[in-house]
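The structure under discussion appears below in the form of structure tokens.
Residue numbers (this note's numbering): 77 to 663.
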């Protein structure tokens, strides 16, 4: 067996950039900003509302906004990845922006690219002449900010551009950057790299296209744009910039301001006091107002009525519509065929599993079931994207041995969020202790998966190979042209890894990748890791706790499901996909 085929099982000190890149995706939610009060429980953010007594006693209150422990962890991981392989980090930043919906990860990767040391500096030869220029990876950070695709969600919003600076200004992040050599260690100011320059370019492009600026104001970004202009030190070239933002100006003490002082016609948001419901609806249609523009201007005696919300529906994104499901239900709008149809399309387009949390706040069983479908749809999309280029078959092996006592229920919850998203003809599931049992859901939905798993109880010994043999006896065969990804759920405390590997050979299964969904009640073993080493295939692991994050499930599955394109490859196929992403270039 060659070294290249066994390098996936490494001690921490030898973990390379590919393994660390997987850690970024599999080991954290990349969810840094929270809009509600929370608790810091040993570095993990927990919502303050509804927190249990244990969390309340152990947690420290944190205000809405950036959760610094998560930011430090993620940014530190990205810094280490950049240190080991700047090129991989550059491709990952480009991938994060153009191929994912991970909003906070886009901010963190953009921040790093704007301040890291590869800035196109001249490299001189022994005689002092310029031999060549270093790679300019800061230009990728600029391109991330300036990247624009009409109606796309895969670009930085005004809030995200502002958050890049806020992240870099956070003292803990500034210390990390100085320690990495990205700024003057003696300076009191945090290193911002090229942020101010590119933020000014971003604002200038919107000022030059006032309809675009007006659209951002309509979308509720007016105050964000003001903060962005102040922080970047932006000097508008025309009064129109101030007029669209409704931003009154006055002369500075130094007398240097020249634009926006005379004849400024401010565009103000008038309240709707004194208007009837019908007049408010007419005004919304006439001005094409958005939900964010309207909701704070409604008279108290009118409020948000069914007619007003129905008029605002065209301005709501699919994500907004899913989040507002309880309001739509309370106002009776889900009884209207046209609204119901639009809502069902939003459910079908779901890219995360937040709908499971929303489902807890609705009354209708039909609506609740549809929201659960939205969760399944998010997984289906992630699986489809990861398997678009290759026929991938998935084998889930679920440990239900005695060592799983106390952890089996957590495994069931994680699997209920996952399995319904897989095509049933390409999914094979078995539970095992010392004997394997094939499991088959009666329907491709969350309810059927929960029913299938309900009878699992922790007892007996642990033989992972028993699950493999059970599937083979049941007639499971994998086409020669297909890639087989095996996911084990448990604590891997079982037989020796070579025995596990031999079971696949004995059954004629050619494994492309092995993954472990770690669910530990007691001691942990090494069966799956050592089995992957014996098979010479990529190994990945993720805690089942990650699947409690509604945004993390599709992300993790996409990384785990990307089987290598070449047989015998030791590197994750997902890492290959990242490296094949073209580097962004500013227009």
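For glycine and all other residues, C-beta sits at the position ideal for the given N, C-alpha and C.
All values reported here derive from a predicted model rather than from experimental measurement.
Original post:
Is the CB-CB distance between residue 230 and residue 180 below 9 Å?
Top reply: no
**OP:** Please determine, among 310, 542, 519 and 250, the residue with the shortest C-alpha to C-alpha distance to residue 263.
**Re:** 250
Original post:
Going along the chain, which unbroken runs of the beta strand (DSSP E) with 3 or more residues stay wholly within the segment 157–219?
Top reply: 198–200 and 206–209
Original post:
Would you call the segment 533–547 and the segment 458–465 in contact, with 3 or more CB pairs under 8 Å?
Top reply: no
Original post:
If you pair each beta-carbon of the segment 608–625 with each one of the segment 128–137, do three or more pairs fall below 8 Å?
Top reply: no
Original post:
Start and end of the alpha helix (DSSP H) containing residue 97?
Top reply: 93–102
Subject >> Neighbour-count burial assignment, residue 433, 16 or more Cβ in a 10 Å radius >> reply: exposed
Subject >> Where residue 331 falls: helix, strand or coil (DSSP) >> reply: Below a pLDDT of 50, predicted positions are generally treated as unreliable, and residue 331, at 49, falls in that range; no measurement from the model is reported.
**OP:** Return no unless some Cβ of chain B is closer than 9 Å to the Cβ of residue 206.
**Re:** Given the protein chain composition of this structure (a single chain), no chain B is represented.
**OP:** Give a yes or no on whether the C-beta atoms belonging to residue 484 and residue 595 are separated by under 9 Å.
**Re:** yes
**OP:** Just the C-alpha distance for residue 657 and residue 171, rounded to the nearest angstrom, thanks.
**Re:** 6 Å
Subject >> Beta-carbon spacing of residue 209, residue 655 below 9 Å >> reply: no
**OP:** Quick one: using the 10 Å Cβ neighbour count with 16 as the cut-off for buried, is residue 525 buried or exposed?
**Re:** buried
**OP:** Have a look at the DSSP bridge pairing and note the partners of residue 494.
**Re:** Beta-bridge pairing links residue 494 to no other residue.
Original post:
Taking the C-alpha atoms as reference points, what is the distance between residue 650 and residue 158?
Top reply: 18 Å
Original post:
Where does residue 431 land, buried or exposed, given buried means 16+ other C-beta within 10 angstroms?
Top reply: buried
Original post:
For residue 274 versus residue 309, is the C-beta distance shorter than 9 Å?
Top reply: no
**OP:** Classify residue 447 as helix, strand or coil using the three-state DSSP reduction.
**Re:** helix
**OP:** Could you pull out every residue in the same chain whose Cβ sits closer than 6 Å to the Cβ of residue 500, ignoring the five residues on either side in sequence?
**Re:** 520
**OP:** Look at the Cβ atom of residue 372, then the Cβ atom of residue 480, and state whether they are nearer than 9 Å.
**Re:** no
Original post:
So, using beta-carbon positions, are residue 467 and residue 502 closer together than 9 Å?
Top reply: yes
Subject >> Endpoints, the alpha helix (DSSP H) within which residue 360 is located >> reply: 353–363
Original post:
Cα-Cα, which of 183, 590 and 203 is closest to residue 244?
Top reply: 183
**OP:** Pull up the CB-CB distance for residue 533 and residue 527, whole angstroms please, since I reckon it's below 8 Å.
**Re:** About 15 Å separates the two Cβ atoms, so there is no contact after all.
Subject >> Limits of the unbroken alpha helix (DSSP H) element including residue 134 >> reply: 129–134
Subject >> Beta-bridge pairing of residue 109 - partner residues as DSSP gives them >> reply: 142
**OP:** Compare the beta carbon distance of residue 49 and residue 115 with 9 Å and say whether it is the shorter of the two.
**Re:** This structure cannot settle anything about residue 49, because the visible part of the chain is limited to 77 through 663.
Original post:
Can we say the segment 555–572 touches the segment 434–441, given the rule of at least three CB pairs closer than 8 Å?
Top reply: no
Subject >> For residue 410 and residue 386, the rounded distance between their alpha carbons >> reply: 10 Å
Subject >> Continuous beta strand (DSSP E) stretch holding residue 417: start and end >> reply: It is not in any beta strand (DSSP E) - residue 417 instead sits in the alpha helix (DSSP H) that spans 413–424.
**OP:** Could you round the C-beta distance between residue 145 and residue 119 to whole angstroms and report it? I think they count as a contact, below 8 Å.
**Re:** 4 Å
Subject >> Straight-line Cα distance separating residue 389 from residue 425 >> reply: 16 Å
Original post:
What's the gap between the Cα of residue 399 and the Cα of residue 391?
Top reply: 14 Å
Subject >> Whole-angstrom C-beta distance between residue 292 and residue 234, which should lie under 8 Å >> reply: 6 Å
Original post:
Quick one: what does DSSP say residue 260 is sitting in, helix, strand or coil?
Top reply: coil
Original post:
Which word fits residue 497, buried or exposed, when buried means at least 16 other C-beta atoms lie within 10 angstroms of its C-beta?
Top reply: buried
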